[in-house]
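The structure under discussion appears below in the form of structure tokens.
In my numbering, the protein residues as written are 7 to 455.
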């Protein structure tokens, strides 16, 4: 037990050592687990909490108290729990498997003792509790030089250690660990050895059962914490994957509409090209004859015009207009009566991709339902600018109530039923409102964003 000046000196020495070990551990863990730049500050804070603040607190308590066996056991339990929390935080931070995290920690501890602790203790003449003597009671010029040299050597040792780890284990975080069971067994044996060595006094006092119970408790706690964190990570990944799938479904809908529209325009262009070729042949024939000016002028007037005969301007937004035109064509092919009222500006409140996904899925659902009727009928209204998005669509139906999210009347349950979910997700994304209802044999969908 220490007090006064001696306590202050020992605490300073302990703080310097723990800081050096924390820095070395940070660089080593960063390399071994491939920690990204935006997460490195968090990593350093986690390491400081474990190696610097916690260890110094324990050291201070040991230096100021004569520890009983119960207090020693309590400190051992606290330290063990904190180590588990440390592993759990690394799991949350890096997403790496526990085996890889624990192997990385084992490598760091081995190199840390070999490169930092042992040489520093030897250089500074430390003897008690493996503590280096950077600061001594009598700080003459010789001791000051020794302290400075020891610090410089320690910094150089950190550089050497991280260089060796980078060279030997640089791609450790990318590799798949073979024979994981063997590695788990080795880690457990190592952990048991360290734990029983630290609890050696318990054997002297014949408290063997207490040590066994303590160790079993530690294992159970480790399993519980590791499983809990793994569950959190898994749920987080599932949520991320679900969100990515939603985005992919929206993009897939938009791409299908682009493809349909492009195909339609190409077919239109090919038809116009053929019509022009036929008319040009007629004109050449007329030009080769005399006194056929009237017939020539009539042929010119009958030339197909794209703007007059093939495109209809439903709104001012070119992309949205193409999608609506494509859906009108689909309705015509299926003998479905359709009424369109659209006012969509070039600059709109929502992204064009999201708006295309909404319109495409609304029309697909309405067309699919209208195909079941002898005479389908669809009415579509859309107003969209930088201030508001309002869409209304209704169609004749045989349903008595609206379909809930996730339900579908289509045969393939795996591939269909996503359109409605996409619509709801986009409306929710912009904090909008959607209303779906059936009235007088018509299916209504109305939304405002």
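No residue lacks a Cβ here, since even glycine has one placed at the ideal position from N, Cα and C.
DSSP places residue 349 in the strand class (E or B) of the three-state scheme.
The Cβ neighbour count for residue 164, taken over all protein chains shown within 10 Å, is at least 16; the residue is labelled buried. When C-alpha distances from residue 383 are compared across 426, 391 and 336, the shortest belongs to 336. Residue 449 counts as buried, since no fewer than 16 other beta carbons sit within 10 angstroms of its beta carbon. Nearest neighbour of residue 192 by Cα position, chosen from 171, 113, 156 and 169, turns out to be 113.
Assigned with DSSP and collapsed to three states, residue 260 falls in helix.
Taking C-beta atoms as the reference points, residue 320 and residue 346 count as a pair closer than 7 Å. Taking all protein chains in view, the Cβ of residue 426 is crowded by 16 or more other Cβ atoms within 10 Å, so the residue is classified as buried.
CA-to-CA, the gap between residue 74 and residue 81 works out to about 11 Å.
Residue 253 and residue 96 have their alpha carbons spaced roughly 30 Å apart. In this structure, 19 is the residue among 368, 11 and 19 with its C-alpha nearest to the C-alpha of residue 153. The beta carbons of residue 352 and residue 323 sit closer together than 7 Å. Within the model, the alpha-carbon separation for residue 158 versus residue 48 is close to 27 Å.
If you ignore the 5 residues before and after residue 455, its C-beta comes within less than 6 Å of the C-beta of 395, 436 and 438, all in its own chain and listed in chain order. Assigned with DSSP and collapsed to three states, residue 446 falls in coil, not helix or strand. Taken through DSSP and simplified to helix, strand or coil, residue 454 comes out as strand. The Cβ atoms of residue 33 and residue 168 sit closer than 7 Å to each other. Around the CB of residue 360, 16 or more other CB atoms lie within 10 Å, so the residue is classed as buried.
Taking every protein chain shown into account, the CB of residue 160 has 16 or more other CB atoms within 10 angstroms, so this residue is buried. For residue 401, the uninterrupted beta strand (DSSP E) run begins and ends at 395–402, by DSSP.
Restricting attention to 371, 99 and 397, the CA atom closest to the CA of residue 403 is found in 371. For residue 69, no pairing in a beta bridge is given by DSSP. In the structure shown, residue 343 falls within a strand segment according to DSSP collapsed to helix, strand and coil.
Of the other Cβ atoms in all chains shown, 16 or more fall within 10 Å of the Cβ of residue 376; this residue is therefore buried.
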